[in-house]
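Quick notes on the structure that follows.
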Amino acid sequence: MNDTIKTLMNNLEKRKIKTKYFATKEEAKKEVLNETDLYTTIGIGGSMTIKEMNLYEELVNKEKKVIWHWLVEPEKRYEVGKLASNAEVYLTSTNALTEKGDLVNIDGVGNRVSSMFYGPKKVIVICGVNKICSDLITAMDRIKREACPPNAKRLGLNVPCGITGNCNDCLSNERMCNVTVIINHKPMSVDLHVYIVGETLGY
Numbered sequence: 029m030n031d032t033i034k035t036l037m038n039n040l041e042k043r044k045i046k047t048k049y050f051a052t053k054e055e056a057k058k059e060v061l062n063e064t065d066l067y068t069t070i071g072i073g074g075s076m077t078i079k080e081m082n083l084y085e086e087l088v089n090k091e092k093k094v095i096w097h098w099l100v101e102p103e104k105r106y107e108v109g110k111l112a113s114n115a116e117v118y119l120t121s122t123n124a125l126t127e128k129g130d131l132v133n134i135d136g137v138g139n140r141v142s143s144m145f146y147g148p149k150k151v152i153v154i155c156g157v158n159k160i161c162s163d164l165i166t167a168m169d170r171i172k173r174e175a176c177p178p179n180a181k182r183l184g185l186n187v188p189c190g191i192t193g194n195c196n197d198c199l200s201n202e203r204m205c206n207v208t209v210i211i212n213h214k215p216m217s218v219d220l221h222v223y224i225v226g227e228t229l230g231y
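Anchor point for the sequence shown: position 173 equals 201 in my numbering, and the numbering is continuous, going up by one each time.
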């Protein structure tokens, strides 16, 4: 763990956000499974990080009720997203994490970002070191360059960034940059945890 991560973790704790560091995603996965052991329902937000860690499969194997809108037909995603928002524990990642401890996210629908601060009893945010940014400006720049374009391409959206790889602040009907949320401090009603992983994870 380098000095930047130590400072970041200290800043998160000052903001009443519980934080832990793991050298590998396997170590982080083990902790998530341990942390969720006493809970029955687990919601998952749209997250390549969670997918890459194979957490869904591990939780199902432990006979948890796992709610993830990515795994249902498009017409059911809205309702499933609402159910995930009311789960006991919510798992997701963040698009960017500043050294001061701000969690910065951009969403298309808003279910993922809203569930990070309202609904679930406990929220665990898993963040690879690739998402750590110096400040809010570099965090937004990172999201526009490294998160939104690959996500748009993955989803097959008809938006400029999915083709060019660059944000054009478009007004497309399929625009995915619709809701921007910055968590500056632990929300009052949520037990918020941030797990920092010393690997590249997600977008």
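We put the beta carbon where it would ideally sit given N, CA and C, even for glycine.
Buried or exposed for residue i, going by 16 or more other Cβ atoms inside 10 Å?
{"i": "Pro-148", "result": "buried"}
{"i": "Tyr-146", "result": "exposed"}
{"i": "Gly-184", "result": "exposed"}
{"i": "Met-81", "result": "buried"}
Helix, strand or coil, according to DSSP, for residue i in the structure here?
{"i": "Ile-224", "result": "strand"}
{"i": "Cys-205", "result": "coil"}
{"i": "Gly-138", "result": "coil"}
{"i": "Tyr-118", "result": "strand"}
{"i": "Lys-58", "result": "helix"}
{"i": "Cys-198", "result": "coil"}
{"i": "Lys-150", "result": "strand"}
{"i": "Gly-73", "result": "coil"}
{"i": "Gly-243", "result": "One cannot answer for residue 243 here, as it falls past the ends of the chain, which runs 29 to 231."}
{"i": "Lys-214", "result": "coil"}
{"i": "Asp-163", "result": "coil"}
Please determine, among the options, the residue with the shortest C-alpha to C-alpha distance to residue i.
{"i": "Thr-228", "options": "Ala-56, Met-37, Glu-41, Asp-197", "result": "Ala-56"}
{"i": "Thr-35", "options": "Cys-161, Leu-199, Cys-176", "result": "Cys-161"}
{"i": "Asp-130", "options": "Asn-89, Leu-66, Val-153, Asn-62", "result": "Val-153"}
{"i": "Asp-65", "options": "Asn-82, Lys-46, Tyr-49, Glu-86", "result": "Glu-86"}
Can you name, in chain order, every residue of its own chain whose Cβ lies under 7 Å from the Cβ of residue i, other than the five neighbours on each side?
{"i": "Cys-176", "result": "Ile-134, Cys-189, Cys-195, Met-204, Cys-205"}
{"i": "Asn-186", "result": "Ser-200, Glu-202"}
Between which residues of its own chain and residue i is the CB-CB distance below 6 Å, once the five residues before and five after are set aside?
{"i": "Ile-78", "result": "Ile-72, Leu-119"}
List the residues that DSSP assigns as beta-bridge partners of residue i.
{"i": "Tyr-49", "result": "Ile-224"}
Between residue i and the rest of its own chain, which residues show a CB-CB distance below 8 Å, the 5 nearest in sequence each way excluded?
{"i": "Ala-112", "result": "Gly-71, Ile-72, Gly-73, Ile-95, Trp-96, His-97, Tyr-118, Asn-139, Ser-143"}
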